[in-house]
Amino acid sequence: MPVHATSPRPAAGPAPRTRDVADDLAELVVEAGLSPGDRLPPEVEIARRLGVSRAKLREAMTAWSRMGIVRRNRGGGTILTAPVAGRTMAIPLAISLEAESLLRMLAVRRPLEIEAVRLAARDATPEARDRIRARMLALMESYEAGEDWRGADHAFHAAIHDATGNPLFGQLIQQLQRTFEEVYSAPFGMPQLGSDTIPLHRDLAEAVASGDAEGGVAAITRILDETRRAARAVVESLT
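Spelled out as structure tokens, the structure:
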């Protein structure tokens, strides 16, 4: 299927970010009318049309592959595996694609987080339980001070993952998170998206640290549900 030319980036100036290239790539896919199952043009052609290096294009393609938007086949080209278009023209393309990617990531992450909480509540050592409480307090301090709490939030959840005794929980969840953040450092341009869930982390920490698996699962489920609701609310507000 032919691809319509887009305006290439100017040769001068700073190198584009991976997110900028991904946004331009999304525009190209929509303009070409590509649908899931269609093959993208060769990378050299796409790079030329976008006015970026092949290395920078590969970064965007790799991020899309990890998010399930394309499938890259060695020697067989790149296949589009998810729609790259908003449900309505009222939703900016980048926001729509970002929302779909975030919701896919959250859907995969959900069972991992729930099972990690269940196992941590059951198997954590006394030292691990103390660490979970301490990192919860650090998270609350950052949040209540109006600071960027994302680093403290990651550290808190990492303490729970470590407490399971199975390093794969932390590795898999971190890989999912990094995949999304490679392109979208702040969902929808909102670094504090999900801030309403932070107070709920007190209940989560106390349940896990006290060995209450049922209470911990209930708390992490509320957090995950609220995060998903917040992501959907942003998109709905734009329609």
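Residue 420 in my numbering sits at position 120 of the sequence shown, with consecutive numbering throughout. Note that beta-carbon positions come from the ideal geometry of N, C-alpha and C, so glycine has one too.
*First and last residue of the alpha helix (DSSP H) that includes GLY451?*
450 to 463
_Local conformation of ILE523 per DSSP, three classes_ = helix
_Exposure of VAL344, with buried meaning 16 or more beta-carbon neighbours within 10 Å_ = exposed
*Skipping 5 residues on each side, what residues in its chain have a beta carbon closer than 6 Å to that of LYS356?*
VAL321
_I need the DSSP call for VAL321, collapsed to helix, strand or coil._
helix
*Out of curiosity, what's the CA-to-CA distance linking ARG319 and VAL384?*
15 Å
*What are the boundary residues of the alpha helix (DSSP H) that includes LEU439?*
426 to 444
*Among the residues of its own chain, which have a CB less than 7 Å from the CB of VAL517, if the five just before and after it don't count?*
ILE414, VAL417 and ARG418
*Nearest residue (CA-CA) to ARG478, options LEU350, GLU359 and ARG348*: It is GLU359.
_Using a Cβ distance threshold of 8 Å, determine whether the segment 454 to 468 contacts the segment 401 to 409, with at least three qualifying pairs required._
By the Cβ criterion, the segment 454 to 468 is not in contact with the segment 401 to 409, since fewer than three pairs of Cβ atoms, one from each stretch, lie closer than 8 Å.
*asked:* Is the beta carbon of LEU439 closer than 9 Å to that of HIS501?
replied: Closer than 9 Å, so yes.
*Three-state class that DSSP yields for ARG528 in the structure shown*: helix
_Expected contact under 8 Å - CB spacing of GLY465 and ASP423 to nearest Å_ = 6 Å
*For the beta strand (DSSP E) that contains THR378, what are its first and last residues?*
377 to 380
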